[in-house]
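> Sharing a structure below in structure tokens format, with a few things to ask.
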Amino acid sequence: MEKGALSYEGKAKKIYQTDDPAFFWVEYLNQATALNGAKKDQIAGKGELNNQITGLIFDALKTAGIESHYVKQLSSTEQLIKKVAIIPLEVVVRNVAAGSFSRRLAIAEGTPLKFPIVEFYFKNDALDDPMITEDQIEVLEIATKAELAELKTLALAVNQALQKIFAVCGITLIDFKLEFGRQTDGTILLADEISPDTCRLWDTATQSHLDKDIYRRELGELVPVYQEVLDRLKESVACI
Ligand code: TMP
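If you want it as structure tokens, here you go:
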């Protein structure tokens, strides 16, 4: 497989074409951003950790019966993915109150939710990724009613599988964000990344943050924390 022209550059990844139109070549960057890009830093080692963590999680999800766009690792910072047309939605699942949910609704962070909730955000940097209702998604033809139902079912299935994987290594999955894409035949596939950049992960014993809140809230060094997540996940998947 040959790396081709740059197709898209995001905040945390660069996506390249390959000599096979069915696949993209992804490079994970060391860039960390928060506040929709207003806070930005280069953190050596972050790209490598998120590439490995995402690969490990997508492989574990596959074992649990959930397919994704992930194919294989290409180098310590690069992976091969199936090409999909990304649906411009961030699908957030929450098990425990935190972040914007706690801020908006004045619910103390750490309050368990009665059942996992699914929220949709419209991926649009100019609008700051606003929350969007299911009716709005349908009216704007971002996704159909049937697709929305599938996104929810898939997001909750990912939640169940991820909770299990993280529980084995003493990590509580507070919340996370997923993205999905359409394949050429219209079927939906889990896409993007699943890493401490896109999940809230708390140490179950100490409640300490093992995720990007370390960077967002300036709580300490990010790399040792992401390394800890990778090391624990490796142990976890070895015994699942
Ligand atoms: P929030 O509490 O800020 O809405 O975030 C919920 C979860 O979604 C949290 O695990 C972080 C993740 N997330 C992203 O990965 N990207 C984003 O742009 C946002 C807003 C949240």
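The opening position of the sequence shown corresponds to residue 329 in this note's numbering, with each subsequent residue numbered one higher. Just so you know, even glycine gets a beta-carbon here, dropped at the ideal spot from N, CA and C.
(1) Taking only runs that begin and end inside the stretch 457–540, name each unbroken beta strand (DSSP E) of 3 or more residues, in chain order.
(2) How would you label F443, buried or exposed, when you count the other beta carbons within 10 angstroms and need 16 or more for buried?
(3) L441 lies in the beta strand (DSSP E); which residues open and close that run?
(4) Just to confirm my understanding: we take D347, look at its own chain, exclude 5 residues before and 5 after, and list those with CB closer than 7 Å. What are they?
(5) Check whether the Cβ of R578 sits closer than 6 Å to any heavy atom of the ligand TMP, and report yes or no.
(6) Pairing CB atoms from the stretch 470–484 with CB atoms from the stretch 374–382, are three or more of them under 8 Å?
(7) Got a sec? Which residues, its chain only, sit under 8 Å from I471 by beta carbon, not counting five neighbours each side?
(8) Whether or not the stretch 355–364 and the stretch 398–406 are in contact is what I'm after, with contact meaning three or more pairs of Cβ atoms, one per stretch, closer than 8 Å; do they touch?
(9) For L558 and I522, I'd like the C-alpha separation in whole angstroms.
(10) Rounded to whole angstroms, what is the Cα-Cα separation between T382 and L363?
(11) Confirm the yes/no value for this check: CB of V551, any heavy atom of the ligand TMP, distance under 6 Å.
(12) In chain order, what residues of the same chain have a beta carbon less than 8 Å from the beta carbon of I394, not counting five sequence neighbours either side?
(13) Pick out whichever of A388, G514, E507, T526 has its Cα sitting closest to the Cα of I493.
(14) As a quick exercise: from Y543, A533, D520, M459, pick the residue whose alpha carbon is nearest that of L501.
(15) Using only the alpha-carbon positions, how far apart do N378 and G514 sit?
(16) Nearest to G509 by alpha carbon, out of E337, V412, D369, F448?
(17) Opposite S403 in the DSSP bridges: which residues?
(18) What I want to know is whether the C-beta of D387 ends up closer than 6 Å to one or more non-hydrogen atoms of the ligand TMP.
(19) Quick one: measure Cβ to Cβ for P524 and L506, integer angstroms, because I've assumed they're closer than 8 Å.
(20) In terms of alpha-carbon separation, which member of D503, E447, A366, T512 lies closest to D453?
(21) With a Cβ-Cβ cutoff of 7 Å, do Y449 and D457 count as a contact?
(22) Please name the residue, chosen from S335, A350, F351, that lies closest to Y344 on a Cα-to-Cα basis.
(23) According to DSSP, what are the bridge partners of T346?
(24) Going by DSSP in three states, R597 sits in which element: helix, strand or coil?
Quick look at the numbers:
(1) 499–510, 516–519, 527–531
(2) exposed
(3) 440–450
(4) M329, E330, G332
(5) This structure does not reach residue 578, given that the chain is present from 329 up to 568, and the question cannot be answered.
(6) no
(7) The sequence given here places Ala at residue 471; Ile does not occur at that position. Hits under 8 Å: I415, L417, I465, L479.
(8) yes
(9) 12 Å
(10) 22 Å
(11) no
(12) L482, A485, V486, A489, L518
(13) A388
(14) A533
(15) 28 Å
(16) V412
(17) E406
(18) no
(19) The Cβ separation is near 15 Å, so there is no contact.
(20) A366
(21) yes
(22) S335
(23) K331
(24) Residue coverage of the chain in this structure runs from 329 to 568, which leaves residue 597 outside it and unanswerable.
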